[in-house]
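Residue numbers (the working numbering), protein chains in the order written: chain W, 184 to 474; chain U, 80 to 382.
For reference, the structure is listed below as structure tokens.
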């Protein structure tokens with residue numbers, strides 16, 4: 184770990200305790216934290232790879248690479264990617280509007296952006312299904328005008344994943360837009376850049392790490408999502424069955440090892456995404472420190 | 080939120096009027112379509128058949144049992160994760176040790192694990208074919224398909240909330256005040272209660288309400304471990320699912336509307352805390368004669 188020089192003005196990056204171990208309570212707090220973490224999170228998660236070992240390598244591969252499971256990966260990752268891309272574009276617009284412009288009702292809108300964090304996923308799931316079903320407020324018109332079914336198709340899954348991923352890009356990008364120094368834009372303008380040029384050449388590069396972080400967070404969240412998706416997905420094998428659902432159906436057949444095998448793959452993906460997000464956040468912190 | 084100075088900009092530092100209008104319209108249309116319409120749908124569907132049926136749906140014995148179980152689960156998991164969050168933040172922000180960053184990553188882990196996987200691990204440990212299954216059966220104990228399983232799964236998914244909120248806050252504050260208290264002869268508990276706690280109380284409350292919202296609203300993880308026995312191991316979200324799958328849509332949305340109200344209250348309290356924190360930061364900065372720092376950034380890692 185690098186020791187950082189304290190930024191002027193006490194900026195958020197770690198102004199870590201400079202006198203290690205003087206305060207009391209290290210043994211108690213550290214011991215309790217590690218014990219609780221191990222009992223509740225680490226040991227339970229370790230059951231996944233251990234249980235999958237029962238299958239042997241061939242058995243493991245047979246399950247995690249079977250056509251139905253592979254179809255579910257394609258759907259889960261594909262829908263998550265599309266949803267995260269939609270959130271990337273519209274999240275940037277929402278963050279920009281909330282950070283820069285004034286309009287009536289702005290405070291309420293700003294507060295409501297976090298709704299997907301606070302609303303239980305099952306509630307979101309049934310609400311979106313009712314909205315986009317053939318007889319719903321949106322589903323009906325969309326089917327009549329475009330001849331497109333949304334609920335009970337992969338498109339419905341994308342809609343649900345847009346909903347649950349919506350706050351991530353907005354909330355990672357918004358504070359960065361607020362912190363962009365006015366002088367930067369002033370300089371670009373005085374050097375003859377048009378507004379569009381300033382946005383593309385000065386502001387967008389400054390936002391890049393935050394955008395990437397928000398995108399990765401939304402994607403990671405979408406990959407594991409279950410509650411909001413299963414109601415709207417239709418859950419047809421090979422077509423609209425997400426990977427978490429396959430874990431549950433294995434479990435319902437008391438195929439614990441099979442469920443553990445698929446879950447091990449998902450855990451590995453989550454872990455890789457978590458590391459990627461940490462790297463992106465470090466990038467963002469470095470860029471923020473330089474500005 | 081945004082400082083007033085930021086929204087008043089000369090023409091060369093902002094977009095033309097039509098572009099601003101267009102961007103605002105796009106943002107509001109997107110949020111209206113994906114946030115406001117679903118929220119309105121919940122209440123519209125809940126009240127579709129009138130208030131009479133609405134009240135019957137939420138006071139019916141199984142719904143009532145689900146509400147009680149949800150409150151119980153939150154009442155047990157919240158204090159446990161609060162204690163962990165405070166102790167973990169104390170260890171991480173007040174001491175130097177190797178592997179600190181790794182520990183923070185591990186604390187984040189439940190955020191990025193699928194809720195279904197979170198439920199599954201407890202079935203693998205305590206289910207009838209799990210590691211401790213035979214032992215539990217021999218002693219006539221039940222964790223999976225029982226309330227204790229629901230609590231364990233909820234503890235897992237809400238594990239990082241408080242710690243995640245406190246760690247950056249306590250890191251930014253530094254330990255000068257605690258060290259001063261120490262040199263003045265205060266003991267560990269006294270330092271915590273008189274110095275640390277008042278400094279982090281809003282952050283603590285912030286973490287607590289987010290943790291509570293997730294605890295009451297968790298679906299995937301508890302649906303794996305609960306067994307969905309009506310009146311016994313059914314939480315509110317599971318009750319919503321059962322009613323919905325039985326085509327009792329109005330009743331399902333009636334119970335769902337209670338959860339939506341909880342979400343709205345959570346958002347309101349959260350904003351109140353942010354507003355207070357922002358005001359306190361501005362007041363402190365004004366007293367110190369420095370420009371106000373930006374409002375504390377959110378941690379959207381609440382997957």
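Yeah, the Cβ is synthetic: ideal placement off N, Cα and C, and Gly gets one too.
Practice item. May I ask you to report which of helix, strand or coil DSSP gives residue 409 (chain W)? Key: Position 226 of the first chain, counted from the first residue, corresponds to residue 409 (chain W). Of the three classes helix, strand and coil, the one that applies to residue 409 (chain W) here is coil, per DSSP.
Practice item. To the nearest angstrom, report how far apart residue 249 (chain U) and residue 169 (chain U) are at their CA atoms. Key: One-based indexing of the second chain puts residue 249 (chain U) at position 170. One-based indexing of the second chain puts residue 169 (chain U) at position 90. Rounded to whole angstroms, residue 249 (chain U) to residue 169 (chain U) spans 8 Å at the Cα level.
Check your understanding: Rounded to whole angstroms, how far is the Cβ of residue 423 (chain W) from the Cβ of residue 258 (chain W), which I believe are closer than 8 Å?
Key -> In the first chain, counting from the first residue as 1, residue 423 (chain W) sits at position 240. In the first chain, counting from the first residue as 1, residue 258 (chain W) sits at position 75. Confirmed, about 7 Å.
Check your understanding: Which residues in the same chain as residue 409 (chain W) place their Cβ atom closer than 6 Å to its Cβ, once the five residues preceding and following it in sequence are excluded?
Key -> Here residue 409 (chain W) refers to the residue found at position 226 of the first chain. Apart from the 5 residues on each side of it in sequence, residue 409 (chain W) sits with its Cβ closer than 6 Å to the Cβ of 427 in its chain, given in chain order.
Exercise for review: Note down, in chain order, every chain W residue with its Cβ under 7 Å from the Cβ of residue 103 (chain U).
Suggested key: Taking the first residue of the second chain as position 1, residue 103 (chain U) is located at position 24. What residue 103 (chain U) touches in chain W, judged by beta-carbon distance under 7 Å, is 280, 284 and 286, going in chain order.
Practice item. Have a look at residue 401 (chain W) and residue 286 (chain U) and give me their C-alpha separation to the nearest angstrom. Key: On the first chain, residue 401 (chain W) is found 218 positions in, with the first residue counted as 1. On the second chain, residue 286 (chain U) is found 207 positions in, with the first residue counted as 1. Distance between the alpha carbons of residue 401 (chain W) and residue 286 (chain U) is about 21 Å.
Practice item. Classify residue 362 (chain W) as helix, strand or coil using the three-state DSSP reduction. Key: Taking the first chain and counting its residues from 1, the one referred to as residue 362 (chain W) is at position 179. DSSP places residue 362 (chain W) within a helical segment (H, G or I) once states are collapsed to three.
Point to revise | Enclosing alpha helix (DSSP H) for residue 141 (chain U) [first to last residue] | key: As a first step, residue 141 (chain U) is located in the second chain; it is residue number 62 there, counting from the start. Judged by DSSP secondary structure, residue 141 (chain U) falls within the alpha helix (DSSP H) whose first and last residues are 140–173.
Check your understanding: Cβ atoms of residue 310 (chain U) and residue 144 (chain U): under 8 Å apart, would you say?
Key -> Stepping through the second chain from its first residue, residue 144 (chain U) is reached at position 65. Stepping through the second chain from its first residue, residue 310 (chain U) is reached at position 231. Contact flag set, yes.
Point to revise | Beta-carbon proximity list for residue 470 (chain W), same chain, < 6 Å, skipping 5 on both sides | key: Stepping through the first chain from its first residue, residue 470 (chain W) is reached at position 287. These residues qualify, in order along the chain: 392.
Exercise for review: For the alpha helix (DSSP H) containing residue 187 (chain U), list its first residue and its last residue.
Suggested key: Within the second chain, residue 187 (chain U) is the residue found at index 108, counting from 1. Membership of residue 187 (chain U) in the alpha helix (DSSP H) is indicated by the continuous run 179–191.
Exercise for review: Take every Cβ of the segment 332–344 of chain W, pair it with every Cβ of the segment 288–298 of chain W, and state whether three or more of those distances are shorter than 8 Å.
Suggested key: With contact defined as three or more Cβ pairs closer than 8 Å, the segment 332–344 of chain W and the segment 288–298 of chain W are not in contact.
Check your understanding: Run through DSSP, which three-state label would residue 221 (chain U) get?
Key -> Taking the second chain and counting its residues from 1, one reaches residue 221 (chain U) at position 142. In this structure, residue 221 (chain U) counts as coil in the three-state DSSP scheme.
Check your understanding: Beta-carbon separation of residue 352 (chain W) and residue 461 (chain W) under 8 Å?
Key -> The sequence position of residue 352 (chain W) within the first chain is 169, counting from 1. The sequence position of residue 461 (chain W) within the first chain is 278, counting from 1. No, Cβ-Cβ distance for residue 352 (chain W) and residue 461 (chain W) is not below 8 Å.
Review point. Would you say residue 254 (chain U) and residue 206 (chain W) are within 8 Å of each other, going by their C-beta atoms?
Key: Taking the first residue of the second chain as 1, we reach residue 254 (chain U) at position 175. Taking the first residue of the first chain as 1, we reach residue 206 (chain W) at position 23. A distance below 8 Å separates the beta carbons of residue 254 (chain U) and residue 206 (chain W).
Review point. For residue 128 (chain U), which of helix, strand or coil comes out of DSSP?
Key: If you number the second chain from 1, residue 128 (chain U) lands on position 49. For residue 128 (chain U), the three-state secondary structure derived from DSSP is coil.
Review point. Is the Cβ-Cβ distance between residue 286 (chain W) and residue 103 (chain U) less than 8 Å?
Key: Looking up residue 286 (chain W) in the first chain gives position 103. Looking up residue 103 (chain U) in the second chain gives position 24. Yes, Cβ-Cβ distance for residue 286 (chain W) and residue 103 (chain U) is below 8 Å.
Check your understanding: Quick one: Cα of residue 305 (chain W) to Cα of residue 122 (chain U), how far?
Key -> As a working note, residue 305 (chain W) is residue 122 in the first chain. As a working note, residue 122 (chain U) is residue 43 in the second chain. Answer to the nearest angstrom: the Cα atoms are 15 Å apart.
Review point. At a Cβ threshold of 8 Å, is residue 204 (chain W) touching chain U?
Key: Residue numbering aside, residue 204 (chain W) sits at position 21 when the first chain is read from its first letter. At least one chain U Cβ lies under 8 Å of residue 204 (chain W).
Review point. Residues of chain W with CB under 9 Å from residue 323 (chain U), in chain order?
Key: If you number the second chain from 1, residue 323 (chain U) lands on position 244. Here the neighbours are 305, 308, 309, 312 and 414.
Point to revise | Cross-chain neighbours of residue 186 (chain U) in chain W, by beta carbon under 9 Å | key: Taking the second chain and counting its residues from 1, one reaches residue 186 (chain U) at position 107. Below the 9 Å Cβ cutoff, chain W contributes 216, 220 and 224 as neighbours of residue 186 (chain U), in chain order.
Review point. Contact check, residue 292 (chain U) vs residue 341 (chain U) under 8 Å by CB: the rounded distance?
Key: The sequence position of residue 292 (chain U) within the second chain is 213, counting from 1. The sequence position of residue 341 (chain U) within the second chain is 262, counting from 1. Your pair residue 292 (chain U) and residue 341 (chain U) checks out as a contact, with CB atoms roughly 7 Å apart and the cut at 8 Å.
Review point. Hey, residue 36 (chain U) and residue 365 (chain W): beta-carbon distance below 8 Å or not?
Key: The displayed coordinates of chain U run from 80 to 382. Any statement about residue 36 (chain U) would go beyond what the structure contains.
Review point. Which parts of the segment 220–251 of chain U are runs of the alpha helix (DSSP H), unbroken and 4 residues or longer, counting only runs that do not cross its ends?
Key: Complete alpha helix (DSSP H) runs here, min 4: 226–237.
**Study point:** the segment 221–237 of chain U touching the segment 311–320 of chain U, judged by at least three CB pairs closer than 8 Å
**Key:** With the cut-off at 8 Å, the segment 221–237 of chain U and the segment 311–320 of chain U touch.
Check your understanding: Apart from the five residues on each side of it in sequence, which residues of its chain come closer than 8 Å, Cβ to Cβ, to residue 338 (chain U)?
Key -> Working through the second chain from its first residue, we reach residue 338 (chain U) at position 259. Within the same chain, Cβ atoms closer than 8 Å to the Cβ of residue 338 (chain U) are found at 295, 296, 315, 316 and 319, the five residues on either side in sequence being excluded.
**Study point:** residue 345 (chain W): contacting residues in chain U (beta-carbon distance under 7 Å)
**Key:** As a first step, residue 345 (chain W) is located in the first chain; it is residue number 162 there, counting from the start. Those are 113, listed as they occur along chain U.
Exercise for review: Would you identify the three-state DSSP class for residue 254 (chain U), choosing helix, strand or coil?
Suggested key: Indexing the second chain from 1 puts residue 254 (chain U) at position 175. The answer is coil: DSSP assigns residue 254 (chain U) none of H, G, I, E or B.
Check your understanding: Should residue 71 (chain U) be flagged as near chain W, meaning a C-beta pair shorter than 8 Å?
Key -> Residue 71 (chain U) lies beyond the range of chain U shown here (80 to 382); nothing can be said about it.
Check your understanding: When burial is assigned at 16 or more other CB atoms within 10 Å of the CB, is residue 456 (chain W) buried or exposed?
Key -> Position 273 of the first chain, counted from the start, is the residue given in the question as residue 456 (chain W). Residue 456 (chain W) is buried by the Cβ-count criterion.
Review point. Can you tell me the Cα-Cα spacing of residue 389 (chain W) and residue 302 (chain W), whole angstroms?
Key: The residue labelled residue 389 (chain W) in the question sits at position 206 within the first chain. The residue labelled residue 302 (chain W) in the question sits at position 119 within the first chain. One Cα belongs to residue 389 (chain W), the other to residue 302 (chain W), and the distance between them is close to 32 Å.
Practice item. Compare the Cα-Cα distances from residue 133 (chain U) to each of U:344, U:361, U:216 and U:335 and report the closest residue. Key: What you label residue 133 (chain U) is simply residue 54 of the second chain in a count that begins at 1. Looking at U:344, U:361, U:216 and U:335, the one whose alpha-carbon comes closest to that of residue 133 (chain U) is U:335.
**Study point:** Test item: CB-CB of residue 331 (chain U) and residue 347 (chain W) under 8 Å
**Key:** Within the second chain, the letter at position 252 stands for residue 331 (chain U). Within the first chain, the letter at position 164 stands for residue 347 (chain W). No, they are not a contact pair.
Point to revise | Of the residues U:308, U:197, U:182 and U:353, the one placed nearest residue 282 (chain U), counting alpha carbons only | key: Within the second chain, residue 282 (chain U) is the residue found at index 203, counting from 1. Nearest to residue 282 (chain U) by C-alpha distance, out of U:308, U:197, U:182 and U:353, is U:353.
Point to revise | residue 275 (chain U) to residue 296 (chain W) span [Cα, whole Å] | key: Indexing the second chain from 1 puts residue 275 (chain U) at position 196. Indexing the first chain from 1 puts residue 296 (chain W) at position 113. For residue 275 (chain U) and residue 296 (chain W), the distance between alpha carbons rounds to 31 Å.
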